[in-house]
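Using our numbering, the first residue of the sequence shown is number 33, and each one after it goes up by one. Okay, structure first, notes after.
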Amino acid sequence: GAIDNHGMAFSPERDGFLHIHQIDSIWVTDHIIIPRSANVIYRENMLDLFSLLSFLAAATERISIGTSVIIVPYRHPVVVAKMIATVDQLSKGRVIFGAGVSWNEEEYGALGRPYGERGKMTDENLRLIRALWANETLSFEGEYTRFHDMSISPQPYQRPHPPVWISGKGRIARRRAARLAEGWHPVGLTPE
């Protein structure tokens, strides 16, 4: 099941409802700033993804909490790795890391991120995030991020890391999922 992070408010009491109705996961989405010109349903009350994940980790005990999806190029990959590892610790290993690139060129511009490089940035960032989670200390030389002999703490609760699912309907997303993830998260597709 899915509960949007906009509109109806979540409360700890609803966890009992979710358990009774056998809901096994809650998924939250990621948009930071929405252009008025965008034709989207989630314009208002879009809560911050990481704040909401932390709340859900505290308000639930057994339900998986997933990102549907973190737009990987919007944030520095070390920050994403640290924040997801923290929520995975707080939830005792219930995080599913859904990752994607997004379609919204205006949002990229507002955040000062290069829209034309989003695929390349996502690939590098995912390699780095996974490496940070799997290693106590790491040196990394990428096109966008470089550092020597550093680590993040805490490491994720799940070892070697939370499952990574790649979102997207196209061939490039499916190839990215095969190379860099444990799953494919095809948002919006029907079983047919």
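C-beta: ideal position from N, C-alpha, C; glycine also.
Rounded to whole angstroms, the separation of the alpha carbons of F87 and I161 is 23 angstroms. For the pair of segments examined, the stretch 83-98 was found not to touch the stretch 158-172: the number of CB pairs separated by less than 8 angstroms stays below three. Bounds of any alpha helix (DSSP H) do not take in E149, whose DSSP letter is neither H nor E. Inclusion of W59 and F129 in the CB contact set at 8 angstroms is not warranted, their separation being larger than that value. Taking all protein chains shown into account, F179 has fewer than 16 neighbouring C-beta atoms within 10 Å of its C-beta and is therefore exposed. For L122, the enclosing alpha helix (DSSP H) starts and ends at 109-122. Within its own chain, the residues whose Cβ lies closer than 7 angstroms to the Cβ of D62, once the five positions on either side in sequence are excluded, are L81, T99, V101, I102, I103, listed in chain order.
Within the DSSP bridge table, the entry for R178 names E173 as partners. Comparing alpha carbon positions, the residue from G132, K152, Y189, I55 closest to A166 is Y189. Within a 10 Å sphere around the beta-carbon of L158 sit 16 or more other beta-carbons, which makes this residue buried. When rounded, the separation of the alpha-carbon atoms in T118 and P67 is 30 angstroms.
Selection P186, S185, E156, Q187 evaluated against F172 yields E156 as nearest (Cα-Cα). Of the candidates K124, P109, R107, K124 places its Cα closest to the Cα of I97. Taken in chain order, the unbroken stretches of beta strand (DSSP E) that lie wholly in the stretch 193-223 and span 3 residues or more are 196-199, 215-217. Residue environment: G200 is assigned as buried (16 or more neighbouring CB atoms within 10 Å of its CB, all protein chains considered).
According to DSSP, T92 shares a beta bridge with no other residue.
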